[in-house]
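Taking our numbering, the leading residue of the sequence shown gets 369, the next gets one more, and so forth. Here the structure is laid out as structure tokens; the discussion comes afterwards.
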Amino acid sequence: MNRLLRLIPLAAASLLLAVVATPAAALEVGMGDQRSRMFADPRFQQLDITRVRIVVDWDVALVDGPERARLDEWLATARTTGREPLIAFTDSRGRPRYLPAVSEYEQAFVAFAERYPWVRLYTTWNEANLASQPTAKSPERVAGYYDLIRSRCADCTVVAGDVLDQGGMIAWIERVRQAAASEPTLWGVHNYVEVHRPERAGTTARLLASVPGRVWLTETGGIVSHVLANGRVNWAYDERRAATAVARAFKVARSDPRIERIYLYQWSVDSYERWDSAFIGPRGDERPALGVLRAELGGTAARLHCMRWRPRGALSMPCTR
């Protein structure tokens with residue numbers, strides 16, 4: 369009897385920890401950035417984010433030049449710091465708006481996989497439904513890329529379609545599904561529209577309703593400013609709006625257990641860049657969105673970290689990260 373009474377609080381404590389820990393483990397948080405300097409920033413290191421993402425030319429492994437050299441450095445740093453990279457292929461700087469044949473894509477992918485054999489996460493094409501991309505009108509070609517990576521790397525995880533949450537998204541994805549040799553089980557969405565325009569919320573939910581399997585928010589975040597190539601201001605400078613969008617992105621990410629990951633973009637920005645969704649400004653200043661990110665991680669990864677390392681017998685303790 370006494371032994372049973374002693375076990376009851378222990379069982380209750382274990383149940384409490386399980387209940388608290390379950391949502392923490394459900395969502396994995398990643399960061400996308402094109403520069404390796406992110407890895408050296410102590411503020412990034414303190415977040416303990418181990419999932420990272422980079423967008424690269426589809427033929428980068430075939431071209432000996434500065435882009436490949438930068439990728440070498442980025443991937444080497446990610447590897448030595450224990451981070452898992454997600455590679456998203458995109459338009460080639462050397463051949464802009466060129467849609468590679470599956471055989472050409474295969475040659476480039478094989479070269480990439482041989483050069484970086486430890487990489488196991490791939491996205492067929494970044495924002496493949498965007499009008500500026502050569503894949504926008506050829507979802508069947510993207511299905512071919514998906515089949516190719518799957519056949520060439522059986523143990524790789526492949527994001528079949530990586531889309532911006534704009535009009536026609538579902539129809540575009542359906543064409544990929546119909547053309548693929550097997551039903552894709554992982555999709556990616558960049559839900560910038562719904563997190564910045566509340567009146568258009570629900571785009572990720574519609575994607576979830578239209579496909580089986582898992583969904584990752586492969587790129588999202590808060591736009592501080594965006595200037596188009598012709599000089600027109602698409603989004604005026606607003607750090608608070610960006611912070612609100614990051615909070616909305618996390619709300620969407622937590623809305624369905626099929627959403628396993630969220631990758632924020634981007635860590636830092638330079639003053640000359642037309643796109644700015646950074647957590648760190650060009651002078652190294654922290655922006656409000658970083659506070660939102662820290663708070664979100666404090667409720668997931670940071671809390672789980674504290675549980676793992678709390679003294680034996682303690683039910684709670686402050687996290688010092």
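Where a beta carbon is used, it is the ideal one built from N, C-alpha and C, also for glycine. Fair warning: this is a prediction, and the values are worked out from it, not measured in the lab.
| Check | Outcome |
| --- | --- |
| How would you call Pro434, buried or exposed, if buried means at least 16 neighbouring beta carbons within 10 angstroms? | exposed |
| How about Ala476: is its Cβ closer than 7 Å to a heavy atom in the ligand NAP? | For the structure depicted, the ligand NAP is absent and the ligand set is empty, with no information on it obtainable. |
| Do His558 and Leu516 come within 8 Å of each other at the CB atom, strictly closer than that value? | no |
| Look up Glu562 in the DSSP assignment and say whether it is helix, strand or coil. | helix |
| Does the stretch 459-471 come within contact of the stretch 407-418, defined as at least 3 CB pairs closer than 8 Å? | no |
| Does DSSP classify Ile455 as helix, strand or coil? | strand |
| In this structure, how does DSSP classify Val487 when only helix, strand and coil are distinguished? | coil |
| Could you have a look at Val526 and say whether DSSP puts it in helix, strand or coil? | strand |
| Would you mind giving the Cβ-Cβ distance between Val592 and Asp644, rounded to the nearest angstrom? I have them listed as a contact below 8 Å. | 4 Å |
| By a C-beta neighbour count over all protein chains shown, 10 Å radius and 16 as the cutoff for buried, is Leu596 buried or exposed? | exposed |
| Could you check what DSSP says for Ser578 in three-state terms: helix, strand or coil? | helix |
| Which two residues bound the contiguous beta strand (DSSP E) that contains Tyr633? | Ile627 to Tyr633 |
| Based on Cα-Cα distance, which residue from Trp603, Leu430 and Gly652 lies nearest to Gly642? | Note that residue 642 is Arg in the sequence shown, not Gly. If we check each option's Cα against that of Arg642, Trp603 comes out closest. |
| Using the C-alpha atoms, what's the distance from Glu607 back to Glu654? | 10 Å |
| DSSP on Ile517, reduced to helix/strand/coil? | helix |
| Near Arg451, which residues of its chain fall below 6 Å by C-beta distance, leaving aside the five closest residues on each side in sequence? | Thr418 and Val420 |
| For Gly398, does the three-state DSSP call read helix, strand or coil? | strand |
| Using 10 angstroms around the beta-carbon of Glu562, count the other beta-carbons present and answer buried if the total reaches 16, otherwise exposed. | buried |
| How is Ile422 classed by DSSP in three states: helix, strand or coil? | strand |
| In chain order, what residues of the same chain lie with their CB nearer than 7 Å to the CB of Arg622, ignoring the 5 residues before and after it? | Leu395 |
| From Glu472 to Ala437, what does the alpha carbon distance come to, in whole angstroms? | 22 Å |
| Would you mind sorting Ile376 into buried or exposed? The rule is 16 or more other CB atoms within 10 Å of its CB. | Here Ile376 scores only 33 on pLDDT, less than 50, and its place in the model should not be relied on; the value that follows carries that caveat. So Ile376 counts as exposed. |
| Beta strand (DSSP E) containing Trp603: first to last residue? | Val601 to Trp603 |
| Suppose you measure from the CA of Val637 to the CA of Pro485; what does that come to, to the nearest Å? | 30 Å |
| Starting from Val595, trace the beta strand (DSSP E) both ways and give me its first and last residue. | Ser593 to Val595 |
| Look at Ala617 and Thr588 and say whether their C-beta atoms are less than 8 Å apart. | yes |
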